[in-house]
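Residue 120 in UniProt numbering sits at position 120 of the sequence shown, and the numbers go up by one each step.
Every residue, glycine too, gets a C-beta built ideally from N, C-alpha and C.
Read through the structure below, which is laid out as C-alpha cells, and then see the notes.
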Amino acid sequence: MTLLLIEAVGHYIPPFKDHEAPIIVGSFGAAAVLEFYAIDSPLAQPRNAILGHILSSLVGISVNKLFALAPQSLQLTWVAGSLSCACAVSVMGLTGTIHPPAGATALLAVVDDSIANLGWFLLPVILLDCVLMQCVALLFNNIQRRFPNYWWTPEEVGQKWRRKEVEENGMSESDSDLEKCARLECIASHHVEGDMAQVGQRILITKGLIKVPEDLCLTPKEKMVLEELSERL
Numbered sequence: 001m002t003l004l005l006i007e008a009v010g011h012y013i014p015p016f017k018d019h020e021a022p023i024i025v026g027s028f029g030a031a032a033v034l035e036f037y038a039i040d041s042p043l044a045q046p047r048n049a050i051l052g053h054i055l056s057s058l059v060g061i062s063v064n065k066l067f068a069l070a071p072q073s074l075q076l077t078w079v080a081g082s083l084s085c086a087c088a089v090s091v092m093g094l095t096g097t098i099h100p101p102a103g104a105t106a107l108l109a110v111v112d113d114s115i116a117n118l119g120w121f122l123l124p125v126i127l128l129d130c131v132l133m134q135c136v137a138l139l140f141n142n143i144q145r146r147f148p149n150y151w152w153t154p155e156e157v158g159q160k161w162r163r164k165e166v167e168e169n170g171m172s173e174s175d176s177d178l179e180k181c182a183r184l185e186c187i188a189s190h191h192v193e194g195d196m197a198q199v200g201q202r203i204l205i206t207k208g209l210i211k212v213p214e215d216l217c218l219t220p221k222e223k224m225v226l227e228e229l230s231e232r233l
C-alpha cells in the first residue's frame, strides 16, 4: 500500500515529471520492511526513518556534487559511491538516526544516474516519500499494535522529569501535613483534667491531636496506627 501510494505520487505529480524523477527510490523497498514488519525496532521509529533518509540524501548529493567537479568524475563513481555510503553511516551514527535503508539512499544518490541527476531536488522527493510512508505506517501499525514506540527518544524527557518532581513534592507536602495534623505530644497523665486523672495513664486521640504519657515509648508502626485513627475521626 505504501509503495503503491509513493509510486502514484511520483507518477502523477507534475514537478516530478518535469525533473524526470523516478517513481520511487529503491531504498524505500527496504524501508517498508522495517516500517511494517519490525515496528518495535529503534531503526524503524519516525526519528530514524525520516532524519536518516534526509541526512543520507544530503550526504549523497554533496558527495556527488563534489566529485562532479573532477574532470574524470565518471571514472571515480565507484569511489564516490563508497565514500557517500560511509559518510552517511557516520553522520547517522553521530546523530543517533541509524536507518539501514538510508545507506542505500546515499549510495543511489551517487551511482544511479536517474537519481544523481536530480541534484538538490532529491531532498523534497525523499522528504515526501518519508512522510507518505510514515502516514500509512501510523494508520496500519496501530491496528491491534502500537506504533511508534517513541517519536524522538526512548529516554525520559522533560515531561517525565516534571511529573517526578511534582510527585516528590506532593509526597513531601503530604508528609508534612500529616505531621502537623496528628502531632504526638508526650504529657503526664495528671495533666489531663476530669476523670482521666483519676483512672491513670491514658492515650487521648482527637481529630488532629494525639496525647500519650511521657513515659510511654511508641514504635514507628504504632505511631502510624495512632495517626491513621486520628485522621479517621
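Are the beta-carbon atoms of Leu132 and Ala21 separated by less than 7 Å? Taking the sequence shown and counting its residues from 1, the one referred to as residue 132 is at position 132. Taking the sequence shown and counting its residues from 1, the one referred to as residue 21 is at position 21. No, the Cβ-Cβ distance between Leu132 and Ala21 is not below 7 Å.
Is the beta carbon of Ile23 sitting closer than 7 Å to the one on Glu7? Locating residue 23 in the sequence shown gives position 23, where the first residue counts as 1. Locating residue 7 in the sequence shown gives position 7, where the first residue counts as 1. Contact: yes.
Report buried or exposed for residue 265, applying the criterion of at least 16 other Cβ atoms within 10 angstroms of its Cβ. Residue 265 lies beyond the range of the chain shown here (1 to 233); nothing can be said about it.
Start-to-end residues for the beta strand (DSSP E) that takes in Lys211: Taking the sequence shown and counting its residues from 1, the one referred to as residue 211 is at position 211. That run of the beta strand (DSSP E) goes Leu209 to Pro213.
Quick check on Thr206: does DSSP put it in helix, strand or coil? Against the sequence shown, residue 206 aligns to sequence position 206. Correct three-state label for Thr206: strand.
Which runs of the beta strand (DSSP E) at least 3 residues long sit entirely within the UniProt domain "HPP transmembrane region" (2 to 148)? Give them in chain order. none
Is it the case that the segment 49 to 68 contacts the segment 85 to 100, given that we only count it when at least three CB pairs across the two stretches are under 8 Å? yes
Roughly how far, in whole angstroms, is the beta-carbon of Val33 from the beta-carbon of Ile126, given that I think they are within contact range, below 8 Å? Position 33 of the sequence shown, counted from the first residue, corresponds to residue 33. Position 126 of the sequence shown, counted from the first residue, corresponds to residue 126. The pair is not a contact, with the Cβ atoms about 18 Å apart (cut-off 8 Å).
By a C-beta neighbour count over all protein chains shown, 10 Å radius and 16 as the cutoff for buried, is Gln45 buried or exposed? Residue 45 sits at position 45 when you count from the first residue of the sequence shown. So Gln45 counts as buried.
With a CB to CB cut of under 7 Å and the five nearest residues on each side skipped, what residues in its chain are close to Leu122? To locate residue 122, count along the sequence shown from 1; it is residue 122. Counting only Cβ-Cβ distances below 7 Å, and skipping sequence neighbours, we find Ser57, Ile61, Ala109 and Ile115.
What does the alpha-carbon distance come out to for the pair Arg145 and Ser82? On the sequence shown, position 145 is the one that residue 145 refers to. On the sequence shown, position 82 is the one that residue 82 refers to. If you take the alpha carbons of Arg145 and Ser82, they lie about 38 Å apart.
Environment of Ala80 [buried if 16+ CB atoms lie within 10 Å]: Along the sequence shown, one-based indexing puts residue 80 at 80. With 16 or more Cβ atoms within 10 Å of its Cβ, Ala80 is classed as buried.
Would you tell me roughly how many angstroms separate the C-alpha atoms of Leu55 and Asn169, rounded to the nearest one? For the purposes of this step, residue 55 is taken as residue 55 along the sequence shown, with counting starting at 1. For the purposes of this step, residue 169 is taken as residue 169 along the sequence shown, with counting starting at 1. Going from the Cα of Leu55 to the Cα of Asn169 covers about 42 Å.
Excluding the five sequence neighbours on either side, which residues of its own chain have a C-beta within less than 7 Å of the C-beta of Leu184, listed in chain order? Residue 184 sits at position 184 when you count from the first residue of the sequence shown. In this prediction, Leu184 scores a pLDDT of 49, lower than 50, which makes its location untrustworthy; the coordinate-derived value is nonetheless stated afterwards. Once the five neighbours on either side are set aside, the close Cβ partners of Leu184 are Ile210, Val212 and Lys223.
Please indicate yes or no: does the CB of Ile39 lie closer than 6 Å to some heavy atom of the ligand MN? The ligand MN is absent from the structure shown, which contains no ligand whatsoever.
Going by beta carbon distance, what residues of the same chain come within less than 8 Å of Leu3, once the five residues before and after it are set aside? Taking the first residue of the sequence shown as 1, we reach residue 3 at position 3. Correct list, in chain order: Ile24, Phe28, Gly29 and Ala32.
Hey, could you find the ends of the alpha helix (DSSP H) Leu229 is sitting in? Translated into positions along the sequence shown, residue 229 becomes position 229. Its alpha helix (DSSP H) spans residues Pro220 to Arg232.
Secondary structure of Glu167, DSSP reduced to three states: The residue given as residue 167 occupies position 167 in the sequence shown. DSSP places Glu167 in helix when its eight states are reduced to three.
Which same chain residues, not among the five before or five after His11, have their C-beta less than 7 Å away from its C-beta? Translated into positions along the sequence shown, residue 11 becomes position 11. Same-chain partners within the cutoff: Ile23.
Return the chain-ordered list of same chain residues with a C-beta closer than 8 Å to the C-beta of Thr206, the five sequence neighbours on each side being excluded. Walking along the sequence shown from the start, residue 206 turns up at place 206. Taken in chain order, the residues that qualify are Ser230 and Leu233.
What does a CB cutoff of less than 6 Å around Ala68 pick up in its chain, not counting 5 residues either side in sequence? By 1-based counting over the sequence shown, the position of residue 68 is 68. For Ala68, where only same-chain residues beyond five positions count, there are no Cβ hits under 6 Å.
Using the Cα positions of Leu76 and Gly103, report the straight-line distance between them to the nearest angstrom. In the sequence shown, counting from the first residue as 1, residue 76 sits at position 76. In the sequence shown, counting from the first residue as 1, residue 103 sits at position 103. Their Cα atoms are separated by approximately 19 Å.
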